[in-house]
Amino acid sequence: MLDQAYDVQSFRDWGHQLIDLLADHLQNAQNRIEPVIPYHNPEAELTFWQQDFQSGQEQPLHLFSKILHHSINVHHPHYIGHQVSVPALVASLAGLVSDVLSNGTGVYEMGMASNALERVVTDWVAKKIGYHTNAAGLLTSGGSLANLTALLAARKAQATEVWEEGHNEQLAVLVSEEAHYCIDRAARIMGMGSKGIIKVPVNERYQIRTDLLEEYLQKAKTEGLKVIAVIGCAASTATGSYDDLNTLADFCEQHHLWLHVDGAHGGAVVFSEKYRHLAKGIERADSVVIDFHKMLMTPALNTALIFKNGEDSYRTFAQKAQYLWDSQQTPEWYHSGKRAFECTKFMMSVKVYSILKTYGEAVFAENVERLYDLGKVFAKMIQERPDFELAVEPEANIVNFRYKKTPESELNEQNSAIRQSLLESGKFYIVQTMLQGKRYLRASIMNPLTTKQDLAVLLDEIVQLATQG
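Here the sequence shown is numbered in my numbering, starting from 21 and rising by one per residue.
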């Protein structure tokens, strides 16, 4: 049986068949032939796979086919849901190469090419952010882990004794109330508790109110808290709103605080001359997170964490591991495990680098601009239809809106029902959010093959569902 598991000829045969299967699947999705999601309720889905598990062995192509037909199709132009990229197909092929090689990149010898490519990619991202040559960074498994790592670096810089001695004082961070939930989670993991997560209100555009920062900082000090960092959103998850990063940087410089920018989604504008202004001031941050698996066409998970001062990235996890490397204190870029949570880490750099080498860096700008442009188009379409209400003029490709031709008391429930009906129909995939107590339909336009006509059909479908129900 083991010999069969490593048989190269079987791999060759299955590989050719799998590429044909995937290509047909992609073609059907892009041509809108198959549903965007073949929705089943959770219990029905679990029952299907429990029965499948009991049915015994089968050829892998049969299994792969079933998985395809029980999964959401992000390559479908009607996928307008969560902030997950539609991967460039060459990056998916790079993923196959990575999986076959299975090189854990924490130690240089185990990931020679991928560690070198990670240095190339992160140096390039640092330059795009606007950092100088002393900047450095790493790739890690998603924005949640990257934000946690950045806040650990902030703690190391602001409260140097914690790594060895534990917490001797109550630490805290200042963050927008619209920040991604992973910031709250990271602060709790770090032992700050509810008291240490100081959420600053937002303005009518869902941007952090910088006029309140001084008040909230002084209040924290009065309560015995030591604020170590301010987190800026570029952009916020719910609405795609960009905080005023220059004003945040001024405030942090004045009070000697760490400025971290969560640019998991919208930090990608650093690759676009047209939209870079939205993140003006990002180059002043001490650390920046950008997800390649959101706006940058790369399969999940794949996140860049870049530090303005590259030395900060090495100080975060200063501990001994003699069986991996001789000296933890030496800033060796080629041992990525020194700076990341992961030791056996995916060859993430291979996927990003494959896109860059195949299409050049301009493809990232083109993707950002097409999706952001389409977000503006969609917002205008909504405003032109009296049946709909736009929550806020979008800065990014995230558009929040709701059907409003019903009594106010019923709007939340009706819009949730509309979303569920869309999901079960398989015609479109969108999500929802709550803004100031109101339920909005939320569309993240992630697929560059989505058209204005697709969005018009979506609005028509919503009207039909609302009026027939």
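Here a beta-carbon is modelled for each residue, glycine too, at the ideal position from N, C-alpha and C.
Can you have a look at residue i and say buried or exposed, based on whether 16 or more other CB atoms are within 10 angstroms of its CB?
i: Ala25; result: exposed
i: Gln473; result: exposed
i: Asp40; result: exposed
i: Ile482; result: buried
i: Tyr201; result: exposed
i: Ala49; result: buried
i: Phe366; result: buried
i: Arg359; result: buried
i: Leu237; result: buried
i: Ala64; result: exposed
i: Gln403; result: exposed
i: Arg32; result: exposed
i: Asn51; result: exposed
i: Glu303; result: buried
i: Gln498; result: Only positions 21 to 489 of the chain appear in this structure, which leaves residue 498 out of reach.
i: Trp69; result: exposed
i: Met454; result: exposed
i: Pro107; result: buried
i: Asp282; result: buried
i: Leu245; result: buried
i: His276; result: exposed
i: Ser75; result: exposed
i: Thr487; result: exposed
i: Gly216; result: buried
i: His313; result: buried
i: Pro62; result: exposed
i: Phe384; result: buried
i: Asp332; result: buried
Could you give the C-beta distance for residue i and residue j, rounded to a whole number, given that I count them as a contact under 8 Å?
i: Thr257; j: Asn420; result: Between Asn420 and Thr257 the Cβ distance is about 11 Å, and since that is not below 8 Å, they are no contact.
i: Ala60; j: Leu88; result: The sequence shown places His at residue 60, not Ala. So it is not a contact: roughly 14 Å between Cβ atoms.
i: Val56; j: Lys447; result: 7 Å
i: Val309; j: Leu279; result: The pair is not a contact, with the Cβ atoms about 12 Å apart (cut-off 8 Å).
i: Leu158; j: Ser356; result: 6 Å
i: Ala199; j: Cys253; result: 6 Å
i: Glu197; j: Lys219; result: 4 Å
i: Gly286; j: Ala320; result: Not confirmed; about 17 Å, so no contact.
i: Asn417; j: Leu391; result: 4 Å
i: Leu300; j: Asn322; result: In the sequence as displayed, the identity of residue 300 is Lys instead of Leu. Incorrect: roughly 25 Å between the Cβ atoms, too far for contact.
i: Ala192; j: Val247; result: 5 Å
i: Ala156; j: Trp353; result: 7 Å
Following the continuous alpha helix (DSSP H) through residue i, name the residue where it begins and the one where it ends.
i: Asn48; result: Val28 to Gln50
i: His95; result: Segment: none, His95 is in no alpha helix (DSSP H) and carries neither H nor E.
i: Asp332; result: Glu331 to Arg335
i: Phe448; result: Phe448 -> no alpha helix (DSSP H), and no H or E assigned at all.
i: Phe271; result: Leu265 to His275
i: Met130; result: Note, Met130: premise wrong, no alpha helix (DSSP H); not H, not E.
i: Glu20; result: Because the chain is modelled from 21 through 489, residue 20 falls outside the range shown and cannot be assessed.
i: Ile209; result: Tyr201 to Ile209
i: Gly380; result: Note, Gly380: premise wrong, no alpha helix (DSSP H); not H, not E.
i: Ser353; result: Rather than Ser, the amino acid found at residue 353 in this sequence is Trp. First-last for Trp353: undefined, no H or E at that position.
i: Leu316; result: Element bounds for Leu316: n/a, residue is neither H nor E.
i: Phe73; result: Pro62 to Gln74
i: Glu234; result: Leu233 to Thr242
i: Ser85; result: Pro80 to Leu88
i: Gln2; result: Examination of residue 2 is not possible in this model, given that the chain is present from 21 through 489 alone.
Per DSSP, which residues does residue i bridge with? Please list them.
i: Val419; result: Ala463
i: Val193; result: Ile217 and Ala249
i: Asp282; result: Cys253 and Val309
i: Gly157; result: Ile326
i: Leu469; result: Paired residue(s): none; Leu469 is not in a bridge.
i: Met454; result: Arg459
i: Ile228; result: Val222
Could you give the residue range of the beta strand (DSSP E) that holds residue i?
i: Leu6; result: Nothing about residue 6 can be read from this structure; the chain reaches only from 21 to 489.
i: Asp311; result: Ser307 to Asp311
i: Gly363; result: Reading off the sequence shown, one finds Cys at residue 363, where the question assumed Gly. Note, Cys363: premise wrong, no beta strand (DSSP E); not H, not E.
i: Phe408; result: Phe408 to Leu410
i: Gly115; result: Here Gly115 belongs to no beta strand (DSSP E); instead the alpha helix (DSSP H) covers Leu109 to Leu121.
Does any heavy atom of the ligand COA sit closer than 8 Å to the C-beta of residue i?
i: Gln47; result: Of the ligands one can find in the structure shown there are none, so the ligand COA has no counterpart to examine.
Check the Cβ-Cβ distances between residue i and every residue of chain C, and say whether any is below 9 Å.
i: Thr142; result: The structure shown contains no chain C; it holds only a single protein chain.
Subject >> Cβ contact check for the segment 95-106 and the segment 460-472: 3 or more pairs under 8 Å >> reply: yes
Original post:
With contact counted as at least three CB pairs below 8 Å, one residue from each stretch, are the segment 327-334 and the segment 151-158 in contact?
Top reply: yes
Original post:
For the 8 Å Cβ check, are there 3 or more pairs between the segment 134-142 and the segment 381-401?
Top reply: no
Subject >> At least three beta-carbon pairs within less than 8 Å, the segment 288-301 to the segment 197-213 >> reply: no
Original post:
Do three or more CB pairs link the segment 175-189 to the segment 219-238 at distances below 8 Å?
Top reply: no
Subject >> Cβ contact (3+ pairs, closer than 8 Å) linking the segment 295-307 and the segment 165-178 >> reply: yes
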